[in-house]
Amino acid sequence: MTDLDATPLTAAAAALPTRYPAHVGAVRLFGHEFHRDAAGVFRRLRAQHGSVAPALLDGDIPVWIALGYRDVHHVLTKPDLFDRDSSRWNAMDLVPPDWPQLWLLGGNDSVVTAGGEEHAARSAVVHDALAGVDGLELRARCERIADQLIDEFARFGEAELMSQFVLRLPGMALAGLLGIPFREVPGMVRDLATTMEHVEGSLEAHARMTGGLRRLVRERLDAPTFDLTSRMVHHPLAPTEDRLVEDLSIVLLGGGQPTAHWIGNTLRLLLSDARFATRLAGGRRSVGQAMGEVLWEDPPVEILSVRFAVRVTQLGTWRIQPGDLVMLGIAASNADPQIRPDLSAGAGGNQAHLSFGHGPHRCPFPAQELAEVIAETAIEVLLDRLPDLTLAVPADKLRWRESVWIRGLSELPVVFTPA
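What follows is the structure, encoded as structure tokens:
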């Protein structure tokens, strides 16, 4: 039985023949086949459709996915043709009200969905608040958190690093930067992870997370401190309370999960690829090299959010209609044979990947720098504390998360000498 046979006909599926004929029979960006081998799915889409392809999200919601480097770059740098205004979306009426991905695709009012002067002002607030973080202080904070987490399992000689270390550290570090009360950090970190999953309870987790941030914003309005939230709340260009809450949630979501999976994907590479394993004893350079390679080969953000067509335009070989939703395939564009004809050659020190986005909505430079500090510190402390860290299963048996947005491991079991 195929996925199509097993899935009840949704309102979206029923509407495809008349409203979105190009999407009838399109590949689904969900299900076992996609999550098992997303890169293979992208290659087949490129072979069949070229650099842009029709696809379906869970619930058979029709979308376009840009697979080519130049197409992704074009969409990111042409806000007059493709913007973040979700009110344009011509398929919104086909989306169930409880669809877990709704807030990400079109149900929020954050800085990433704003445009024009509003986006410039709100981006300045986020940029300036992040730029005020002391990198050395953040590194020290991450070292303390890493030691604390490692202490919980070091004596056992085995661990599942994703749940016990990787997914917890970035959220804890960011929660500290924002000034989230210590007692609320464990729950916030759990909700942060659940929000990014397309699972039951993700909408509730997002609501709890934003509720906690709203309480924090109101506290800092009355009693500012020296944390990132205070700098945003009292910035000269600070937006309304509702929008501050949305922007703080983007700081958490945009920094927490992607950074965690940058750590996890890098650890996988370091522990499974002999090129790095043989150099680890010789110094730190291989950690940085592995982190850079992951941004090309296994970027933690597999698909970078969405854009909506402003008017009829050509993208790839397709005529895109006003209000069509375009997803940006970062992993696929990084592997585009037009810019990397020989993937086996590696990317070297090339920094032209699109893993942090591009154009006016790219990840702020201070955020990139802070993510690198968090990831690099986490990996270095772990390898210092547990120098004989080894995968507990063959690398090809590791399972990837079932997410269309995130490229990351579900589990990372390891063994080591008890410490």
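For the sequence shown, full-length UniProt numbering gives the first residue as 1, with consecutive numbering after it. Don't be surprised by glycine CBs; every beta carbon is placed ideally from N, CA and C.
- For a cut-off of 8 angstroms, the C-beta gap from A66 to G329 is around 6 angstroms, short enough to register as a contact.
- Looking at the backbone, the Cα of L102 and that of D191 are separated by about 17 angstroms.
- According to DSSP, I180 shares a beta bridge with no other residue.
- Counting only unbroken stretches of 4 or more residues, the alpha helix (DSSP H) elements lying wholly within the stretch 10–81 are 11–19, 32–36, 38–49 and 69–77, in sequence order.
- Excluding residues up to 5 positions away in sequence, R362, C363 and Q368 lie with their Cβ nearer than 7 angstroms to the Cβ of F356 in the same chain.
- Across the set S286, G264 and D336, the C-alpha of S286 shows the shortest separation from the C-alpha of A274.
- Rounded to the nearest whole angstrom, the CA to CA distance from H35 to N334 is 18 angstroms.
- Check the Cα spacing between V52 and each of A419, H261, V326 and K78: the tightest is with V326.
- Residue burial is scored here from C-beta neighbours: R183 has fewer than 16 other C-beta atoms within 10 angstroms and is therefore classed as exposed.
- In this structure, G264 and M162 form a Cβ contact; the two beta carbons are roughly 6 angstroms apart against a cut-off of 8 angstroms.
- Residues of the same chain with a CB within less than 8 angstroms of the CB of I406, apart from the 5 flanking positions on each side, are M196, Q257, P258, H261, P300, V301 and E302 in chain order.
- Between W296 and the set E246, L354, F156 and R311, the nearest pair of CA atoms involves L354.
- Under the 8 angstroms Cβ criterion, the stretch 70–81 does not count as touching the stretch 12–29, having fewer than three qualifying pairs.
- The beta carbon of L221 is closer than 6 angstroms to those of V233 in its chain, skipping five residues each way along the sequence.
- Going by beta carbons, A378 and A146 fall inside the 8 angstroms limit.
- DSSP places R168 outside both helix and strand once states are collapsed to three, so it counts as coil.
- Sequence-distant Cβ neighbours of Y69 in its own chain, meaning closer than 6 angstroms and more than five residues away, are S333, D336 and I339.
- The C-beta distance from W318 to W64 rounds to 7 angstroms, short enough to meet the 8 angstroms contact threshold.
- The DSSP-derived three-state label of T194 is helix.
- Under the rule that a run must span 4 or more residues, the alpha helix (DSSP H) segments found entirely inside the stretch 99–131 read 102–105 and 116–131.
- Distance from the CA of V112 to the CA of A124, rounded to the nearest whole angstrom, comes to 12 angstroms.
- Judged by DSSP in its simplified three-state form, F276 adopts helix.
- Of the candidates Y20, L45 and D83, the residue whose Cα lies closest to the Cα of V310 is D83.
- Straight-line measurement puts the Cα of A91 at about 43 angstroms from the Cα of S272.
- Residue pairing by DSSP places Q314 opposite R319 in a beta bridge.
- Burial state of F42 is buried, judged by a 10 Å Cβ sphere holding 16 or more other Cβ atoms.
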